[in-house]
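The sequence shown lines up with residues -22 to -1, 1 to 243 when you count with mature numbering (1 follows the signal peptide of the UniProt record, and there is no 0). Think of the CB as a built atom: it goes at the ideal place given N, C-alpha and C, for glycine as much as any other residue. A short write-up of the structure that comes next.
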Amino acid sequence: MSPFFKVAFTLFGIITASSTFAQSEQMVSVEGGTYIPLYGVDSTAVTVDEFTMDVYPVTNKEYLKFVQEYPEWKKSKVKRLFADGNYLVNWQGDDSYGNQLSPDAAVTNVSWFAAKKYCECQGKRLPTVDEWEYAAMADQDSPDARKKETYNQLILDWYEAPKSFNNTIGSTFKNYWGIYDLHGLVWEWAMDFNSVLISGESRKDVDKDSNLFCGSAAVGASDLMNYAAFMRYAFRGSLKANYSIRNLGFRCVQTKESNNKNLTY
């Protein structure tokens, strides 16, 4: 763990809140299994334990309830260590997301720290990269659709689509596990998003919203499946925990109690 995260965790406090607020209870179980990630490891199979995942990303309406109960996460009060100046930038104010944002659209411009805290206050947590990738490789009919050209083209078409983050949750397909919007709506935070770093160049503080999605360095991404995966890993490798980006949201997961001992972030 980097010194930055050690300090941040100390200040932030890895404590699950004693009280929780109302959020949609819609979660589905994702059966555990083994898969080979396309980037980040040397073609080594990874075992993913069974977990449950939110059916939808967290919405503006749900996040508003969170900041009302935990006012330290309101737009004007959040500490810059935990969220940059773009945090909830499109919200009208501390207690309103305004008329331009749908209550049922995925909340975006939320930092990793804020997303992590939200999940903890639900008695949940952010998914790991492996959990997210494992769930997201499913299409409507099969748990692993990565070799289907049509499926990967659908993902790449979304990467080029403008302002999909304005769409309401559930506007994309329901996958094999019963989960919506893993592709086609917003990018999503993972607990260990920075476990795979693409290059030192990708970590520079540039125009984050427009440059984090550049795929020009996709050396070796010779087919649609690899290229789609590369784009996700390149994006994650370009993030910092306090970044708040207009098409980056999140959802929460839970694991069996017996698996929690293995999750030490």
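A contact is defined here as three or more CB-CB pairs under 8 Å, and the stretch 78 to 89 meets this definition with respect to the stretch 137 to 149. Excluding the 5 residues flanking it on each side, Ser7 has same chain C-beta neighbours closer than 6 Å at Thr30, in chain order.
Burial check for Glu111: the Cβ neighbour count within 10 Å reaches 16 or more, so the residue is buried. Linking Val56 to Arg229 through their CA atoms gives a straight-line distance of about 20 Å.
The beta carbons of Met209 and Tyr129 sit no closer together than 8 Å. Put simply, the stretch 163 to 172 does not touch the stretch 40 to 52. Fewer than three CB pairs are less than 8 Å apart. Inclusion of Tyr41 and Val85 in the CB contact set at 8 Å is warranted, their separation being smaller than that value. Listed in chain order, the beta strand (DSSP E) runs fully inside the stretch 49 to 102 amount to none, counting runs of at least 3 residues.
Counting only residues of its own chain and dropping the five nearest sequence neighbours on each side, Leu217 has a CB closer than 6 Å to the CB of Phe171. Thr106 and Lys94 have their alpha carbons spaced roughly 12 Å apart.
For Phe29, the three-state secondary structure derived from DSSP is strand. Bounds of the beta strand (DSSP E) holding Gln232 are 231 to 233. A direct Cα-to-Cα measurement between Trp165 and Asp119 gives close to 22 Å.
Contact between Asp72 and Lys102 fails: their C-beta atoms lie close to 24 Å from each other, not under 8 Å. Closest in alpha carbon position to Arg224, among Ala139, Ile157, Asn68, is Asn68.
Val107 sits in a helix when the DSSP states are folded into three classes.
Collapsing the DSSP output to three states places Gly215 in a helix.
Scanning the stretch 109 to 159 from its first residue to its last, no whole beta strand (DSSP E) run of 3-plus residues comes out. The beta carbon of Thr25 lies closer than 8 Å to those of Gly10, Gly11, Thr12 in the same chain, with the five residues before and after it left out.
Within the DSSP secondary-structure output, Met5 pairs in a beta bridge with Asp32.
In this chain, the beta strand (DSSP E) harbouring Tyr13 covers 11 to 13. Beta-bridge analysis with DSSP links Val45 to no other residue. Shown here for Ala114: same chain residues with a beta carbon closer than 7 Å to its own, the five before and five after excluded, namely Leu160, His161 in chain order. Of the candidates Ala139, Ala61, Pro49, the residue whose Cα lies closest to the Cα of Asn220 is Ala61. Gln232 counts as buried, since no fewer than 16 other beta carbons sit within 10 angstroms of its beta carbon.
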